[in-house]
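> Pasting a structure below so you can have a look.
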Amino acid sequence: MRVHPARAAAAACTTTLLAALACAAPDVRAADPQARGYTDDDFPRVQELAPGVYSYEQLRSAGNERFTTVSMFVVTDEGVLVADGQGSPEETRLLVETIADITDQPITHVVICSDHGDHTAGNSEFPSSARFYAHPTSHAVLQATADNPNRPATAPPVVVPTDLVETSETLHLGGREIRLLFLGRAHTGGDLVVHLPAEKILFMSEAYLHRVFPAMRSAYPSEWVAMIEAAQAMDIETYVPGHGFVDSPEVLAEELETYRRAMVQVIDEATRLHAAGVELDVAVEQADFGDLESWSLRSSQAGRAIGRVYMELNGELPPG
Numbered sequence: 000m001r002v003h004p005a006r007a008a009a010a011a012c013t014t015t016l017l018a019a020l021a022c023a024a025p026d027v028r029a030a031d032p033q034a035r036g037y038t039d040d041d042f043p044r045v046q047e048l049a050p051g052v053y054s055y056e057q058l059r060s061a062g063n064e065r066f067t068t069v070s071m072f073v074v075t076d077e078g079v080l081v082a083d084g085q086g087s088p089e090e091t092r093l094l095v096e097t098i099a100d101i102t103d104q105p106i107t108h109v110v111i112c113s114d115h116g117d118h119t120a121g122n123s124e125f126p127s128s129a130r131f132y133a134h135p136t137s138h139a140v141l142q143a144t145a146d147n148p149n150r151p152a153t154a155p156p157v158v159v160p161t162d163l164v165e166t167s168e169t170l171h172l173g174g175r176e177i178r179l180l181f182l183g184r185a186h187t188g189g190d191l192v193v194h195l196p197a198e199k200i201l202f203m204s205e206a207y208l209h210r211v212f213p214a215m216r217s218a219y220p221s222e223w224v225a226m227i228e229a230a231q232a233m234d235i236e237t238y239v240p241g242h243g244f245v246d247s248p249e250v251l252a253e254e255l256e257t258y259r260r261a262m263v264q265v266i267d268e269a270t271r272l273h274a275a276g277v278e279l280d281v282a283v284e285q286a287d288f289g290d291l292e293s294w295s296l297r298s299s300q301a302g303r304a305i306g307r308v309y310m311e312l313n314g315e316l317p318p319g
């Protein structure tokens, strides 16, 4: 495997999944890279999940906190499929360069699993000839962003998807079957997942935030729980999150259930406060999330989560 010298640190962790885990602190369940013993020089972090299937973790910041945004790419002899880009042209360009270090095949398919900017803001760095797939909800969001007359001239170009996936789409690329699925509204409302049935891999994007506090600014809380349960009912060995670390398949499956329970915990606490007639601004101050208090982004996301649950309970969310 060819690796650019500037990414030598990342290359140390670019191998099979189990071997790559040796680069991390043993069995640390946290999204904080420092808690796992990583430094900025360890990123991007690339792991081969199965032959030709790679996860890609790059650091990003939210205030003073650091965590990872995860992409996945599938290399075939008929091109490369990428699931989710990164949060800026510079970060996505590094992803494209990393893929070029691994294969001479061009990027031909890009799946927009999350329409949020931390996964799409750099999509203009992908080849313009690639096909871009998204759910109709995400297509509408990106189209509205592109058409916004108040969008700053210095903002990166918005790539509007070329192909819509309402429920499912099956691709056959280089003899590999790749399924694009909509399992229900979750983090964005247009959440797609990428399923590799032969490899039993499911890239869940922002529907799975590994040890990151449930971020709900555009979410559908109860439907999100149902979407996770639909994913858990599938024949999957490796669930790949959209944020947090890509651990062993066993840990990732355990942590997906931990995340599902975290979602329920947040919904239950917000529901308790709502039933008690606590006003939203007071509820944000009174909420107690127990062991979730130590999760990454708790300070920035807890208030938004309570507000979104209140909207759901008040019947204020758009119907599905």
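Following numbering that gives the first Met the number 0, the numbering of the sequence shown begins with 0 at its first residue and continues without gaps. In this text, a Cβ means the ideal position worked out from N, Cα and C, and glycines have one as well.
Is the beta carbon of Ala120 closer than 9 Å to that of Ser70?
The answer is no: Cβ separation not under 9 Å.
> Please give the ranges of any beta strand (DSSP E) in the segment 134 to 190, keeping only runs that are unbroken, at least 3 residues long and fully inside the region.
Taking only runs of at least 3 residues, the beta strand (DSSP E) segments lying wholly in the segment 134 to 190 are 167 to 172 and 175 to 180.
> With burial defined as no fewer than 16 other Cβ atoms inside 10 Å of the residue's Cβ, what is the status of Gly36: buried or exposed?
Per the 10 Å Cβ criterion, exposed.
> Alpha carbon to alpha carbon, what distance is there between Glu278 and Leu20?
With a pLDDT of 46 at Leu20, under the threshold of 50, the modelled position of that residue is not reliable, and the figure given next carries that caveat. Spanning the two alpha carbons is a distance of roughly 45 Å.
> What residue from Ile111, Arg28, Gly51 and His115 has the CA that sits closest to Ile200's CA?
Taking only the C-alpha atoms, the option nearest Ile200 is Gly51.
> Return the residue from the list Gly62, Asp40 and Thr67 that minimises the CA-CA distance to Ala29.
Of Gly62, Asp40 and Thr67, the residue nearest in Cα terms is Thr67.
> How many Å lie between Val140 and Arg216 at the Cα?
Straight-line Cα distance between these residues: approximately 14 Å.
> Step through the CB atoms of chain B and report whether any lies within less than 9 Å of the CB of Glu315.
The structure shown has no chain B; it contains just one protein chain.
> Output the boundary residues of the beta strand (DSSP E) element that contains His108.
Run containing His108: Ile106 to Val110, per the beta strand (DSSP E) assignment.
> What does the alpha-carbon distance come out to for the pair Glu222 and Gly183?
Rounded to whole angstroms, Glu222 to Gly183 spans 7 Å at the Cα level.
> Measure the C-alpha to C-alpha separation of Glu64 and Thr153 and round it to an integer number of angstroms.
Their backbone Cα atoms lie some 26 Å apart in a straight line.
> Just to confirm before moving on: does the CB-CB distance between Ala133 and Ile106 stay below 9 Å?
Taking 9 Å as the Cβ cut-off, Ala133 and Ile106 do not qualify as a contacting pair.
> Let me know the beta strand (DSSP E) ranges lying completely inside the segment 22 to 83, each 3 residues or longer, listed in chain order.
Segments of the beta strand (DSSP E) lying fully in the segment 22 to 83: 44 to 49, 52 to 61, 64 to 75 and 78 to 82.
> Let me confirm a value: Pro43 is counted as buried when at least 16 other C-beta atoms fall within 10 Å, else exposed. Which label applies?
Label assigned to Pro43: buried.
> Based on the DSSP secondary-structure assignment, which residues constitute the bridge partners of Ser295?
Val211.
> Note down the Cα distance separating Val27 from Arg92, rounded to an integer number of angstroms.
For Val27 and Arg92, the distance between alpha carbons rounds to 30 Å.
> Quick one: Cα of Leu251 to Cα of Tyr238, how far?
Whole-angstrom Cα-Cα distance: 6 Å.
> Which residue's Cα is closest to the Cα of Pro248: Gln33, Ala34, Val45 and Ala49?
Closest by alpha carbon: Ala49.
> How many angstroms separate the CA atom of Thr270 from the CA atom of Tyr309?
Approximately 7 Å between the Cα atoms of the pair.
> Leaving out five residues before and five after Met226 in sequence, what residues of the same chain have Cβ atoms less than 8 Å from its Cβ?
Leu182, Gly183, Arg184, Ala185, Asp190 and Ala206.
> Out of Val73, Thr75, Asp39 and Glu47, which has the shortest C-alpha to C-alpha gap to Ser60?
Ranking Val73, Thr75, Asp39 and Glu47 by Cα distance to Ser60 puts Asp39 first.
> Quick check: what's the CA-CA separation for Asp146 versus Val157?
About 9 Å.
> Between the alpha carbons of Asp234 and Pro151, how many angstroms are there, rounded?
Going from the Cα of Asp234 to the Cα of Pro151 covers about 45 Å.
> By Cβ distance below 7 Å, which residues in the same chain neighbour Gly306 in space, the five residues on each side in sequence not counted?
Within the same chain, Gly306 has close Cβ partners Leu279.
> Return the bridge partner residues of Leu201 from the DSSP annotation.
For Leu201, which the question treats as bridged, DSSP gives the partners His194 and Tyr238.
> Within 10 Å of its beta-carbon, does Val265 have 16 or more other beta-carbons around it, so buried, or fewer, so exposed?
With 16 or more Cβ atoms within 10 Å of its Cβ, Val265 is classed as buried.
> State the Cα-Cα distance for the pair Phe212 and Arg259, rounded to the nearest angstrom.
Spanning the two alpha carbons is a distance of roughly 11 Å.
> Please report the straight-line C-alpha distance between Ala102 and Gly173, rounded to a whole angstrom.
According to the sequence shown, residue 102 is Thr rather than Ala. Cα to Cα, the separation comes out at about 14 Å.
> Suppose you measure from the CA of Thr136 to the CA of His209; what does that come to, to the nearest Å?
Thr136 and His209: Cα-Cα distance of roughly 24 Å.
> Would you decide whether Gln285 is buried or exposed? Buried here means 16 or more other CB atoms lie within 10 Å of its CB.
Label assigned to Gln285: exposed.
> In this structure, what does DSSP give as the bridge partners for Arg130?
His108, per the DSSP bridge assignment.
> Alpha carbon to alpha carbon, how far is Gly241 from Met383? Give it in angstroms, no decimals.
With the chain covering only 0 through 319, there is no way to say anything about residue 383.
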